[in-house]
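Reading through the structure tokens given below for one structure.
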Ligand SMILES: Nc1ncnc2c1ncn2[C@@H]1O[C@H](COP(=O)(O)OP(=O)(O)OP(=O)(O)O)[C@@H](O)[C@H]1O
Ligand SMILES: [Mg+2]
């Protein structure tokens with residue numbers, strides 16, 4: 073449950089806030105003065121504070137200044153009446169998250185509060201990146217045991233202790249933002265703010281002002297001065313998501329801030345000094361953008377000092393069971409229910425999919441399947457049909473049908489085997505073993521089995537296996553099977 077503290081001496085405002093925002097997820101506390109607000113903050117530790125600038129007693133600005141002496145990152149939204157924007161600007165310089173103009177535009181109010189609560193979560197939830205044991209209870213983790221993920225964890229650890237700029241690359245949904253948050257959470261800047269900006273979501277002409285602020289009259293519509301994220305986030309960490317979508321002039325400013333920690337607000341000439349750590353991410357191949365002269369080469373090299381390359385999920389299918397268990401536990405915990413389980417066929421389907429949307433897509437599929445499942449067990453039918461069903465004969469052209477000439481009772485009763493699933497199991501085994509040679513191992517096993525089934529009749533066994541008797545003989549010699557089975 074998230075806690076929102078409202079500091080306002082007007083009872084009406086307190087009343088409307090409760091009406092609009094109180095929910096099973098959000099608890100509202102209210103204070104009528106700055107003094108009371110500060111006391112309540114240390115007592116209830118809210119996730120977000122919404123505070124009026126003008127109050128009897130200590131002003132909102134003074135309250136914010138005092139709060140900042142003990143807490144650099146608690147998110148505060150200031151409320152101010154029209155015509156007093158100068159105070160709002162002062163508030164932003166003190167690290168307020170945003171400001172709202174009274175009287176409120178309710179949709180805008182909701183939007184700002186939702187985005188602030190989201191930012192609060194990103195700052196608060198510690199993202200664990202140690203390879204986690206399956207049974208452990210944790211809130212937010214980067215799950216993965218494959219070698220590629222181990223290297224990612226190592227890099228996160230190194231980046232957390234340094235203050236270096238980092239570039240995180242990888243396809244959509246591979247966990248770039250999660251990695252950025254893990255670096256922040258474990259860094260020495262974790263007592264300071266973390267602000268994420270999606271460069272692709274902000275119109276090109278506004279991004280520069282969003283990041284660096286602007287002076288009054290800098291462009292049409294710039295009626296007042298504005299403080300940008302770099303200034304607001306001083307001492308903290310800025311996560312520049314989708315950095316490939318940045319205009320050349322913004323790129324130039326970013327380069328300068330990385331090199332010298334200085335910039336000027338748009339339309340201004342006063343130098344502003346900041347100490348901000350930058351973590352950037354992109355799902356576009358920046359090298360290509362550099363080659364096409366769309367992205368500054370010098371900025372690319374400056375960002376690329378430490379690069380975290382997130383592997384696509386299809387390159388680490390072995391992590392799927394771990395991820396599925398993690399998501400099921402997470403969903404179970406949120407719904408206060410025992411996590412659901414699933415059949416091996418479900419896993420076989422999941423391990424065969426190519427996952428263009430990566431971990432995000434997997435998480436969505438698991439969520440949907442828990443809703444679809446009628447009981448505690450997820451079945452293949454609960455998965456979206458695009459993922460396909462466990463293979464049946466003829467359902468995929470590249471998979472051979474059932475083995476010919478099978479005569480045992482088991483085969484008469486059973487469905488055709490899911491050869492892909494079997495191969496996947498074998499590959500997992502081979503990877504964990506290292507010494508296992510799959511083809512000879514499987515061939516030997518099949519030959520022993522066919523001989524056992526036919527009572528050692530080589531003609532029948534060869535027919536079962538789909539090879540000639542001569543070939544069977546050669547294999548029997550090669551694998552020294554005679555010693556194991558008395559062949560007729
Ligand atoms: N290794 C992982 N372990 C657990 N959850 C993960 C992992 N990787 C990604 N996720 C989850 O998948 C979702 C997508 O992750 P995230 O937002 O970090 O991806 P992204 O690479 O930033 O994607 P995009 O490029 O689309 O912004 C999130 O809900 C995240 O919690
Ligand atoms: Mg992202």
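Numbering (this note's numbering), first residue to last: 73 to 560.
Glycine included, C-beta positions come from ideal geometry on N, C-alpha and C.
Just so you know, these numbers come straight off a predicted model, no measurement behind them.
Cβ neighbours of residue 282 within its own chain (closer than 8 angstroms, five residues either side excluded): 269, 274, 300 and 301. Taking non-hydrogen atoms of ligand 2 into account, the C-beta of residue 359 is found less than 7 angstroms away from none of them.
Under the DSSP assignment, residue 174 falls in the beta strand (DSSP E) whose first and last residues are 170 to 174. For residue 450, the beta-bridge partners assigned by DSSP are 414. Spatial neighbours of residue 284 in its own chain (CB-CB distance under 7 angstroms, excluding positions within 5 residues in sequence) are listed in chain order as 300, 302, 325, 335, 337 and 338. Straight-line spacing of the CA atoms in residue 309 and residue 448 works out to 42 angstroms. Taking 8 angstroms as the cut-off, the beta carbon of residue 199 is found closer than this to the beta carbon of residue 213. Between ligand 1 and residue 285, a heavy atom-to-CB distance of less than 7 angstroms is absent. Between residue 345 and residue 455, the alpha-carbon positions lie close to 53 angstroms from each other. Under the three-state reduction of DSSP, residue 458 is assigned to helix. Remark: C-beta atoms of residue 215 and residue 419 do not approach each other more closely than 8 angstroms.
Taking a cut-off of 8 angstroms on C-beta distances, the region 242 to 257 does not touch the region 358 to 372, as fewer than three cross pairs fall below it. In this structure, the C-beta of residue 248 approaches ligand 2 to less than 7 angstroms from one of its heavy atoms. Taking a C-beta distance under 8 angstroms as the contact criterion, residue 100 and residue 178 do not qualify as a contact pair. Under the DSSP assignment, residue 152 falls in the beta strand (DSSP E) whose first and last residues are 147 to 153. Assignment of residue 270 by DSSP, reduced to helix, strand and coil, places it in the strand class. Within the same chain, 522, 523, 526 and 544 come within 7 angstroms of residue 533 by CB-CB distance, once the 5 residues on both sides are set aside. Under the three-pair Cβ rule at 8 angstroms, the region 184 to 191 does not count as touching the region 109 to 117. Unbroken beta strand (DSSP E) stretches of 3 residues or longer found wholly inside the region 346 to 425: 349 to 354 and 378 to 381, given in chain order. The closest CA to that of residue 421, considering only 408, 411 and 389, is found on 389. In chain order, 174 place their CB closer than 6 angstroms to the CB of residue 153, counting only its own chain and leaving out the 5 sequence neighbours on each side.
With respect to the 8 angstroms criterion, residue 193 and residue 261 are not classified as neighbours on the basis of their beta carbons. Burial check for residue 450: the Cβ neighbour count within 10 Å reaches 16 or more, so the residue is buried. DSSP places residue 317 in the helix class (H, G or I) of the three-state scheme. A direct Cα-to-Cα measurement between residue 509 and residue 496 gives close to 14 angstroms.
Around the CB of residue 102, 16 or more other CB atoms lie within 10 Å, so the residue is classed as buried. When beta bridges are read from the DSSP output, residue 76 appears opposite 100 and 120.
Relative to ligand 2, the beta carbon of residue 238 is positioned no closer than 7 angstroms to any heavy atom. Counting of Cβ neighbours within 10 angstroms places residue 297 among the buried residues, the total reaching 16 or more. In this structure, the straight-line span from the alpha carbon of residue 322 to that of residue 397 is close to 42 angstroms. Residue 376 is not a Cβ neighbour of residue 245, given a cutoff of 8 angstroms. Residue 512 sits exposed, since fewer than 16 C-beta atoms from the chains shown fall within 10 Å of its C-beta.
Per DSSP, the continuous beta strand (DSSP E) segment holding residue 238 begins and ends at 238 to 241. Residues of the same chain with a CB within less than 6 angstroms of the CB of residue 272, apart from the 5 flanking positions on each side, are 314 and 317 in chain order.
Annotation: residue 163 to residue 130 spans about 14 angstroms, alpha carbon to alpha carbon.
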